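Some notes on the structure that comes next.
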Amino acid sequence: MDEPVYDPQALQAKWLPRWEELNPFEAVEDLADTRPRKYMLDMFPYPSGDLHMGHGEVFAIGDVVARYWFQKGYNVLHPIGWDSFGLPAENAAIKRNAHPAEWTYKNIETQANSFKRYAISFDWSRRLHTSDAEYFHWNQWLFTRFYERGLAYRKGGLVNWCPQDQTVLANEQVVGGKCERCGADVVRRELTQWYFKITDYADRLLDDMAQLEGGWPDRVLTMQRNWIGRSTGADVQFRIEGRDEPVTVYTTRPDTLYGATFFVVAADAPLAEEIVAPDRREALAAYRAEVAKLSDIERLSTEKEKTGVFLGVYAINPVNGERVPVWAADYVLSDYGHGAIMAVPAHDQRDLDFARKFGLPVQVVVHTGLADPGETGVATPGEGALVNSGPLDGLTKAEAIQKIIEVLEERGTGRAAVNYRLRDWLLSRQRFWGTPIPIIHCLDCGEVPVPDDQLPVTLPDLRGADLQPKGVSPLASAADWVNVECPKCGGPAQRDTDTMDTFVDSSWYYLRYCDPHFDGGPFDVEKVRKWGPIDQYVGGVEHAVLHLLYSRFFTKVLHDMGMVGFTEPFLRLLNQGQVINQGKAMSKTLGNGVDLGQQIDAYGVDAVRLTMVFAGPPEDDIDWADVSPAASQKFLARAFRVMAEAGAASAPGADLSGGDVELRKVTHRAIDEVTKLVESHRFNVAVARMMELTTATRRAIDTGPGAADPAVREAAQTLAVMLSLVAPYVAEEGWERLGHAPSVATAGWPEADPALLVRESVTAVVQVAGKVRDRLEVSPDISETDLQALALASDKVRPYLDGEPRKVIVRVPKLVNIVP
1 MDEPVYDPQA LQAKWLPRWE ELNPFEAVED LADTRPRKYM LDMFPYPSGD LHMGHGEVFA
61 IGDVVARYWF QKGYNVLHPI GWDSFGLPAE NAAIKRNAHP AEWTYKNIET QANSFKRYAI
121 SFDWSRRLHT SDAEYFHWNQ WLFTRFYERG LAYRKGGLVN WCPQDQTVLA NEQVVGGKCE
181 RCGADVVRRE LTQWYFKITD YADRLLDDMA QLEGGWPDRV LTMQRNWIGR STGADVQFRI
241 EGRDEPVTVY TTRPDTLYGA TFFVVAADAP LAEEIVAPDR REALAAYRAE VAKLSDIERL
301 STEKEKTGVF LGVYAINPVN GERVPVWAAD YVLSDYGHGA IMAVPAHDQR DLDFARKFGL
361 PVQVVVHTGL ADPGETGVAT PGEGALVNSG PLDGLTKAEA IQKIIEVLEE RGTGRAAVNY
421 RLRDWLLSRQ RFWGTPIPII HCLDCGEVPV PDDQLPVTLP DLRGADLQPK GVSPLASAAD
481 WVNVECPKCG GPAQRDTDTM DTFVDSSWYY LRYCDPHFDG GPFDVEKVRK WGPIDQYVGG
541 VEHAVLHLLY SRFFTKVLHD MGMVGFTEPF LRLLNQGQVI NQGKAMSKTL GNGVDLGQQI
601 DAYGVDAVRL TMVFAGPPED DIDWADVSPA ASQKFLARAF RVMAEAGAAS APGADLSGGD
661 VELRKVTHRA IDEVTKLVES HRFNVAVARM MELTTATRRA IDTGPGAADP AVREAAQTLA
721 VMLSLVAPYV AEEGWERLGH APSVATAGWP EADPALLVRE SVTAVVQVAG KVRDRLEVSP
781 DISETDLQAL ALASDKVRPY LDGEPRKVIV RVPKLVNIVP
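Right, here's the structure in full:
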């Protein structure tokens with residue numbers, strides 16, 4: 001008989017159209033279907049071109065979970081869509097002199113075909129695109145509801161500006177002082193923009209993380225906590241000479257008020273211009289021009305030399321009445337607290353560096369036992385007894401904070417306060433390819449939301465128009481689109497010409513998947529109640545304080561609106577690592593790029609998917625230079641032959657309880673271990689167990705009872721079901737050759753027989769001074785005392801011992817380590 005030949009390309013050509021006919025992964029809405037539901041979601045892709053190596057990894061990982069749930073008998077929702085608005089498509093279209101829609105939808109079709117080839121278990125009936133009017137209609141509807149609730153508002157102020165993309169950025173989109181999309185240095189500009197009031201939900205965003213403990217990676221929760229940055233302290237009022245209204249500062253250390261020897265205002269805050277002495281205006285203006293060139297990251301850097309200008313005025317310390325000079329400086333940000341700080345140089349390093357630069361006094365008010373900061377140049381921010389602080393002397397930090405707040409409240413010059421690092425979400429964008437903001441500006445009526453029955457506000461065509469970024473939205477040039485009647489008074493008015501940040505699109509898309517064609521609202525509330533929240537979310541950690549934070553905010557608002565019954569959208573989160581090459585991120589510049597399509601052409605989909613999953617834990621980076629899709633292909637060929645030979649030698653339906661007992665034990669241990677490994681996301685180790693099962697089955701065929709043995713068929717069928725998680729084409733072919741109808745994807749997960757999991761004995765290794773001296777066959781239930789006694793009594797061990805050992809380390813039932 002000819003040996004079965006594994007041909008991955010032939011299997012792909014055979015099974016892809018068959019799966020399209022079978023449609024095994026469509027979620028069922030029928031109420032008669034009583035299976036428990038599971039919602040598996042991958043972060044949806046951006047259509048910037050064909051699928052790349054990163055897509056290959058993340059979707060292979062997510063598919064293991066989804067396919068496992070299908071095998072376990074769940075009614076699974078595993079949808080796909082495209083995050084199809086945004087700057088990359090617009091910039092690519094401008095470069096090619098094309099319309100963004102043409103570029104976007106062409107890429108979507110390319111990616112859709114690649115996803116199907118890659119055999120991801122999507123329910124294609126749920127497909128959506130955020131650039132479809134059917135979708136962004138509801139962006140606008142939600143914006144209007146947020147506006148009515150006071151959660152969407154427009155204001156002027158300093159914003160982050162990307163000079164390359166010519167648009168504003170949210171704080172979360174500035175990474176290391178640079179635009180997170182294009183890498184350009186971000187500057188600050190004064191603009192009037194739209195915001196979502198995410199700060200109203202700061203406490204709930206923090207407190208509700210208790211629901212996510214154990215389900216989300218600790219580092220993501222830490223990043224969100226740090227980004228929200230809740231701190232407790234006090235608001236303290238300082239009177240500025242010549243100004244009627246006092247200036248409020250926020251401090252986490254009100255106990256150090258007696259050590260405040262100067263006062264700092266953010267150079268770009270309106271307050272600086274308001275209070276500056278006439279003879280210092282010119283110096284302030286020049287300084288502000290220099291500060292405008294710096295990013296927030298640069299301004300806050302501890303490495304940067306301190307700069308500032310004296311404003312020619314003095315503040316009055318509210319606890320001791322001392323006059324302290326007021327300075328403008330770049331190390332205070334206008335949107336932190338109230339845009340001004342009391343400077344306590346003895347106990348804050350940045351204040352100390354500034355004081356030493358400009359010869360300002362340093363007053364120690366906390367005795368920490370360390371040397372005087374005024375002499376050493378090292379601030380002492382720690383705890384200790386208060387000194388030089390009047391009624392606070394001798395108190396601890398906690399006691400002094402409580403006491404000084406009481407004093408401030410009695411005098412009416414301060415109160416306890418909570419502050420946050422989090423700022424409201426700036427959502428305006430000065431670009432074309434996005435959701436138009438549904439507001440009309442009327443000289444008489446002000447801001448008027450577009451009535452619901454006039455939604456969606458669609459984009460003007462602008463084909464052939466100049467979409468080059470110029471600092472204002474290209475929509476402003478579409479006069480026929482901009483100029484409209486006011487919905488309130490009927491007078492002349494203009495549409496808002498900004499579009500929404502595309503993170504608005506992705507903040508609720510997971511709800512739309514429950515019925516992407518629902519026309520009675522943004523989503524079908526009843527279907528979301530049945531499917532939500534998401535049981536497992538898979539995607540990159542780069543969205544820890546972007547998409548994930550915004551999605552949590554949206555969910556809480558929708559909960560308050562009575563539209564969802566949960567307050568957290570994603571119960572479990574799995575972050576994948578990056579696919580790199582030769583230790584570095586792939587890039588054209590480095591010449592180390594790897595093309596996913598070419599890898600699939602060379603080795604087949606299954607080998608590439610298997611390589612992605614087997615390379616290491618999901619959260620670790622994969623260095624493509626260190627892995628071998630060729631080796632994966634060879635393993636799949638071995639597995640294919642095992643399944644084919646077992647299928648040729650026996651028919652389905654036979655009693656599998658007989659046959660080779662040792663192989664049956666290997667099979668059932670593999671079932672037990674792979675089940676636990678998949679559920680704990682240790683997919684790479686699960687693949688290793690599949691490889692071990694393949695080897696054991698091959699051995700039984702070649703040197704044991706042979707391919708016709710029932711235990712061989714049982715092992716081969718088990719292998720086919722398990723492999724369907726990571727190598728669906730070869731698994732499906734193997735399942736068919738074993739005599740079963742497709743699809744193996746819903747064959748049902750095997751169950752381990754507890755009787756076959758019992759080990760009669762295990763091998764215990766005995767080491768002396770780190771070297772193996774004996775191997776003992778012992779009961780798996782042996783006690784630590786008995787195992788130690790056996791090891792010390794061993795004839796092979798005793799020659800290496802000189803009297804009583806110094807230490808014996810026992811790890812029952814497999815290891816004894818003796819230190820002589």
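For the record, in the sequence shown the residue sitting at position 662 is 662 according to UniProt numbering, with numbers rising by one throughout. Where a beta carbon is used, it is the ideal one built from N, C-alpha and C, also for glycine. The model shown is predicted, which means the values in this text are computed figures rather than measured ones.
(1) Can the beta-carbon of V730 be found closer than 8 Å to that of D606?
(2) According to DSSP, what are the bridge partners of D774?
(3) Can you tell me which of P8, D268, K304 and F570 puts its alpha carbon nearest to the alpha carbon of Y287?
(4) When the Cβ atoms of the stretch 198–210 are set against those of the stretch 163–174, are three or more pairs found closer than 8 Å?
(5) Straight-line CA distance for Q256 to W227?
(6) What separation, rounded to the nearest whole angstrom, lies between the Cα atoms of Y537 and I61?
(7) Between F115 and E736, what straight-line distance do the alpha-carbon atoms span, to the nearest angstrom?
(8) I need the boundaries of the alpha helix (DSSP H) containing I671, first residue and last residue.
(9) Checking 8 Å against the spacing of the C-beta atoms, do V313 and I240 come in under that value?
(10) In chain order, what are the residue ranges of uninterrupted beta strand (DSSP E) at least 3 long that sit wholly in the stretch 521–590?
(11) With a CB to CB cut of under 6 Å and the five nearest residues on each side skipped, what residues in its chain are close to W508?
(12) Three or more C-beta pairs under 8 Å: does that hold for the stretch 54–74 against the stretch 541–560?
(13) Can you list, in chain order, the residues of its chain with a C-beta nearer than 8 Å to that of L151? Leave out the 5 residues immediately preceding and following it.
(14) Helix, strand or coil: how does DSSP classify N23 here?
(15) Hey, quick one: how far does the beta strand (DSSP E) through R239 stretch, first residue to last?
(16) Using CA coordinates, which residue listed in T785, E804 and E732 is at the minimum distance from A10?
(17) Would you kindly work out how many angstroms separate the C-alpha atoms of T694 and V687, rounded to a whole number?
(18) What residue does the alpha helix (DSSP H) around Y603 start on, and which one ends it?
(19) In terms of residues, what are the limits of the alpha helix (DSSP H) holding K634?
(20) Pull the bridge partners of T222 from the DSSP assignment, please.
(21) Looking only at its chain, what residues have a beta carbon closer than 7 Å to the beta carbon of L455, apart from the 5 residues adjacent to it on each side?
(22) What are the complete alpha helix (DSSP H) segments, minimum 4 residues, inside the stretch 125–200?
(23) So P163 packs on A184, CB below 8 Å; how close in whole Å?
(24) At the level of alpha carbons, what is the spacing between S506 and R323?
(25) Going by the beta-carbon positions, is the gap between W327 and F262 smaller than 8 Å?
(26) CB-CB under 7 Å to F85, same chain, minus the five flanking residues each way: which ones, in chain order?
(27) Which same chain residues end up closer than 7 Å to V810 when comparing Cβ atoms and leaving out the 5 residues on each side of it in sequence?
(28) When the Cα atoms are used, what is the spatial distance from P217 to G81?
(29) Please classify N97: does DSSP put it in a helix, a strand, or coil?
(30) In whole angstroms, what separates the C-alpha of P270 from that of D330?
(31) Is it buried or exposed for S680, if we count other Cβ within 10 angstroms and need 16 for buried?
(32) Under a three-way DSSP split, which group does N419 fall into?
(33) Measuring CA to CA, which of A277, K293 and P799 is closest to N160?
(34) Is C182 buried or exposed, if buried means 16 or more other CB atoms sit within 10 Å of its CB?
(35) Could you tell me whether the Cβ atoms of V674 and M690 are closer together than 8 Å?
(36) So is N113 buried or exposed if we call it buried at 16+ other beta carbons inside 10 Å?
In this structure, then:
(1) In contact: V730 and D606 (Cβ atoms closer than 8 Å).
(2) In the DSSP output, where bridge partners are listed per residue, D774 has V766.
(3) Ranking the options by Cα distance to Y287, first place goes to D268.
(4) Using a C-beta cut-off of 8 Å, the stretch 198–210 makes no contact with the stretch 163–174, since fewer than three inter-stretch Cβ pairs fall below that distance.
(5) A small fix is needed here, since residue 256 is Thr in this sequence, not Gln. Spanning the two alpha carbons is a distance of roughly 26 Å.
(6) Each residue's alpha carbon lies about 11 Å from the other.
(7) Taking the Cα positions, F115 is about 23 Å away from E736.
(8) Taken as a continuous stretch (DSSP letters only), the alpha helix (DSSP H) holding I671 covers V661 to E679.
(9) Yes, these two residues count as a Cβ contact at 8 Å.
(10) DSSP runs (the beta strand (DSSP E)) wholly in the stretch 521–590: 536–540, 573–576 and 579–581.
(11) Counting only Cβ-Cβ distances below 6 Å, and skipping sequence neighbours, we find F554.
(12) At 8 Å Cβ cutoff, the stretches do not touch.
(13) For L151, where only same-chain residues beyond five positions count, the Cβ hits under 8 Å are F196, K197, D200 and V557.
(14) Residue state for N23 is assigned as coil, using DSSP reduced to three classes.
(15) Counting along the chain, the beta strand (DSSP E) containing R239 begins and ends at S231 to I240.
(16) Among T785, E804 and E732, the Cα nearest to that of A10 belongs to E732.
(17) The C-alpha of T694 lies about 11 Å from the C-alpha of V687.
(18) That run of the alpha helix (DSSP H) goes L596 to Y603.
(19) Where K634 is concerned, the enclosing alpha helix (DSSP H) stretches over P629 to A649.
(20) Per DSSP, T222 has no beta-bridge partner at all.
(21) Listed in chain order, the non-local C-beta contacts of L455 below 7 Å within the same chain comprise H137, Q140, W141 and P438, local neighbours out to five positions each way being set aside.
(22) Note on the stretch 125–200: whole alpha helix (DSSP H) runs with a minimum of 4 residues are 133–148, in chain order.
(23) Between P163 and A184 a beta carbon distance of about 6 Å is seen, short of the 8 Å cut, so the two are scored as contacting.
(24) Looking at the backbone, the Cα of S506 and that of R323 are separated by about 52 Å.
(25) Taking 8 Å as the Cβ cut-off, W327 and F262 qualify as a contacting pair.
(26) Correct list, in chain order: T130, S131, W433, G434, T435, T502 and D505.
(27) The answer, listed in chain order, is E784, L787, Q788 and V816.
(28) Approximately 25 Å, taken between the alpha carbons.
(29) In the three-state reduction of the DSSP assignment, N97 falls in the coil class.
(30) Taking the Cα positions, P270 is about 14 Å away from D330.
(31) So S680 ends up on the exposed side.
(32) In the three-state reduction of the DSSP assignment, N419 falls in the strand class, which pools E and B.
(33) Checked all of A277, K293 and P799; the closest Cα to N160 is K293.
(34) That one is exposed.
(35) Remark: C-beta atoms of V674 and M690 approach each other more closely than 8 Å.
(36) Taking a 10 Å sphere around the C-beta of N113, we find fewer than 16 other C-beta atoms and assign the residue as exposed.
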